[in-house]
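Participant: One structure is given below, represented as structure tokens, and several questions about it will come after.
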Amino acid sequence: MKVRAGGFISQCPQVGTSSAPLSLWGAGLLLQFAANLRVPPCVTGLAWLEIWIVTRPRTMSRICVYSGSSFGVSPEYAAVAAAFGTACARRDLTIVYGGGSVGLMGALADAALAAGGEVIGVIPRAMIAEERAHKSLTELIPVETMHERKQRMAQLANAFVALPGGIGTLEEVIEIFTWLQLGLHLKPVGLLNARGFYDLLVQFLAHMRDEQFLTSKHHSMLAVSTDAEALLDRLTSTMHVHVPKPVSHATTNAA
Ligand code: AMP
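Structure below.
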């Protein structure tokens, strides 16, 4: 297994950075101090500060949220989206999302902003013109195309989560999961399985794994939880390593 820190990850300093040379420098200074060598106190202080910087818990600063532009059949979905927005704000997690004011997307953004959180929307210009963009976001980034939007959202965020939604949400989360499988990024990806909404998808992904179209390792990289806090805990503490997708040259498994 090989750790890759290229692609999108290099643009997100909280994930995948290595400070090993710095910590060796700090540890070396402290050792000299312990060995009673003459190291000025200010240098020792700097060494402690550096060791703290290197070893402090890393926080995930931005989470990309995919969710429906509709409300779904039950008011529970909007409540789930709002609770997720509030939970992100309480954790100082900036939300990156599609920039819409409608459906669960709007409920998510409204709740996060009301709780004092930051929300960045990335939206194609054509959609702004149709007045579907949220008007009160921390930042609204206009882009030209849907593809550019997805790439921009991927660059801006350190983790990705899908709340319940339609085919737009499904397409976005499966694409970012595919990019993880390919090692194009190593950021955590998850599903908030509220009301068991993703049960059938979870079942289908297990079927894909059982039929050997998805490796167990890649399958297990997708975090799934019915609980927003538990999911955020998992996403904020996960750092993936690249697991290359096996390439089979045989025409069948039996060959
Ligand atoms: P869907 O799940 O089909 O409702 O599509 C929602 C996803 O597609 C969101 O994650 C957005 O990125 C994008 N999207 C669809 N409709 C809109 C809209 N009216 N405004 C902004 N983004 C949208």
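Just so we're aligned, residue 21 is where the sequence shown starts under the working numbering, counting upward by one.
In this text, a Cβ means the ideal position worked out from N, Cα and C, and glycines have one as well.
Along the chain, which unbroken stretches of the alpha helix (DSSP H) at least 4 residues long are found entirely within the segment 194-238?
Facilitator: 219-230
Participant: Beta-carbon within less than 7 angstroms of S156's beta-carbon, same chain only, minus the 5 sequence neighbours each way: which residues are those?
Facilitator: L133
Participant: On the criterion of 16 or more Cβ atoms from any shown chain inside 10 Å, does F233 qualify as buried, or is it exposed?
Facilitator: exposed
Participant: What do you get for W68, buried or exposed, if any count of 16 or more other CB atoms within 10 angstroms of its CB means buried?
Facilitator: Exposed.
Participant: What's the C-alpha gap between A226 and H167?
Facilitator: The alpha-carbon atoms of A226 and H167 are separated by roughly 28 angstroms.
Participant: Pick out whichever of S89, V244, L251, A179 has its Cα sitting closest to the Cα of T114.
Facilitator: A179
Participant: Which same chain residues end up closer than 8 angstroms to K265 when comparing Cβ atoms and leaving out the 5 residues on each side of it in sequence?
Facilitator: Q201, L202, T235, H238
Participant: Of the residues G185, L183, S81, which one's Cα is nearest the Cα of E138?
Facilitator: S81
Participant: If you measure between the beta carbons of K170 and E150, is that distance less than 8 angstroms?
Facilitator: no
Participant: From the DSSP secondary-structure annotation, give me the bridge partner or partners of F104.
Facilitator: Partner(s): none; F104 has no beta bridge.
Participant: Please report the distance separating the alpha-carbon of A98 from that of D130.
Facilitator: 11 angstroms
Participant: Could you give the first and the last residue of the continuous alpha helix (DSSP H) run that contains T256?
Facilitator: 248-257
Participant: Let me know the secondary structure DSSP gives R172 once reduced to three states.
Facilitator: helix
Participant: Is M125 helix, strand or coil when you go by DSSP?
Facilitator: helix
Participant: Could you give the DSSP three-state label for P60: helix, strand or coil?
Facilitator: coil
Participant: By the DSSP assignment, the alpha helix (DSSP H) with A135 in it spans what residues?
Facilitator: Bounds of any alpha helix (DSSP H) do not take in A135, whose DSSP letter is neither H nor E.
Participant: Closest to L176 by C-alpha separation, out of D219, G123, I140, A153, would be which residue?
Facilitator: I140
Participant: If you draw a straight line from the alpha carbon of G118 to that of F224, how long is it in whole angstroms?
Facilitator: 26 angstroms
Participant: Is I196 buried or exposed, if buried means 16 or more other CB atoms sit within 10 Å of its CB?
Facilitator: A residue is called buried when at least 16 other Cβ atoms come within 10 angstroms of its Cβ; I196 meets this threshold and is buried.
Participant: Counting C-beta neighbours from all protein chains within 10 Å, is the total for I143 16 or more, i.e. buried, or is it exposed?
Facilitator: Classification for I143: buried.
Participant: Just to confirm the assignment, what range does the alpha helix (DSSP H) spanning A149 have?
Facilitator: 145-149
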